[in-house]
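Trainee: Structure below; questions to follow.
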Amino acid sequence: MQESLAGVLHEVVGLLDRSAAAILKRETGLSYRQYYVLSAVARLGRTHQHELAEHIGHSDAAVSRMLVTLSEAGYVTVAADLAHRRRNTVALTPTGAAREQQAGTLLDDALTDLLRQHDIDDDQLLSLAAALRGALRGAGWSARPLRHEPS
Numbered sequence: 001m002q003e004s005l006a007g008v009l010h011e012v013v014g015l016l017d018r019s020a021a022a023i024l025k026r027e028t029g030l031s032y033r034q035y036y037v038l039s040a041v042a043r044l045g046r047t048h049q050h051e052l053a054e055h056i057g058h059s060d061a062a063v064s065r066m067l068v069t070l071s072e073a074g075y076v077t078v079a080a081d082l083a084h085r086r087r088n089t090v091a092l093t094p095t096g097a098a099r100e101q102q103a104g105t106l107l108d109d110a111l112t113d114l115l116r117q118h119d120i121d122d123d124q125l126l127s128l129a130a131a132l133r134g135a136l137r138g139a140g141w142s143a144r145p146l147r148h149e150p151s
């Protein structure tokens, strides 16, 4: 019986997520969700809490809880927006930017090493993955707004 492409892709994503979570916890103390939020803030720059929640596809309440933890760790600042008092502005601190960069590099290096060990062309894989992402977005398969991400 031939494997389905959708099944293989779902399994690959699950393996990547679990492996990334283990690497991050061991090397940085971050959970994968915490890294995901830091990475989103790094991409978006100074942003509003609600826009961050929309961008990562989580509820405002879930993002609020994550931001408390990240703020207490010194990775982000959360401040009332002076123009709209009911909105919070979120930004990375220098410590948060450094931790996000460190974590991203760890994950990139681990995946690059794995691909090279198995003679998988990382540039070709990146090209195919980016093409698939573009096709999915173009077909409206995205569950979260992507207006802030580069194509």
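The opening residue of the sequence shown carries number 1 in full-length UniProt numbering; numbering runs sequentially from there. The beta carbon of each residue, even a glycine, is placed where N, CA and C say it ideally should be.
If I'm right that LEU9 touches ALA103 with Cβ under 8 Å, what's the distance once you round it to whole angstroms?
Mentor: Between ALA103 and LEU9 the Cβ distance is about 24 Å, and since that is not below 8 Å, they are no contact.
Trainee: For VAL76, list the residues DSSP reports as bridge partners.
Mentor: DSSP, once it has assigned bridges, lists LEU92 as partnering VAL76.
Trainee: Exposed or buried, what is ARG147 when buried is set at 16 or more other beta-carbons lying within 10 Å of its beta-carbon?
Mentor: Residue placement at ARG147 is poorly supported in this model, since its pLDDT is 43, which falls under 50; the coordinates still yield a value, given next. Its Cβ having fewer than 16 others within 10 Å, ARG147 is exposed.
Trainee: Taking only the alpha-carbon atoms, compute the straight-line gap between ARG43 and ALA73 and give it to the nearest angstrom.
Mentor: Rounded to whole angstroms, ARG43 to ALA73 spans 20 Å at the Cα level.
Trainee: Among VAL13, LEU126, ASN88 and ASP123, which residue has its Cα nearest to the Cα of VAL68?
Mentor: Minimum Cα distance to VAL68 is reached at ASN88.
Trainee: Straight-line CA distance for ALA62 to GLU3?
Mentor: Straight-line Cα distance between these residues: approximately 36 Å.
Trainee: How long is the line joining the alpha carbons of SER151 and ALA135, rounded to whole angstroms?
Mentor: With a pLDDT of 39 at SER151, under the threshold of 50, the modelled position of this residue cannot be trusted, and the question is left open.
Trainee: Classify SER151 as helix, strand or coil using the three-state DSSP reduction.
Mentor: Bear in mind that the predicted position of SER151 carries a pLDDT of just 39, short of 50, making it unreliable; the figure below should be weighed with that in mind. DSSP places SER151 in coil when its eight states are reduced to three.
Trainee: Enumerate, from N- to C-terminal direction, the unbroken alpha helix (DSSP H) stretches of 4 or more residues contained entirely within the UniProt domain "HTH marR-type" (2 to 137).
Mentor: Listed in chain order, the complete alpha helix (DSSP H) runs (minimum 4 residues) inside the UniProt domain "HTH marR-type" (2 to 137) are 5 to 28, 32 to 44, 49 to 56, 60 to 72 and 94 to 117.
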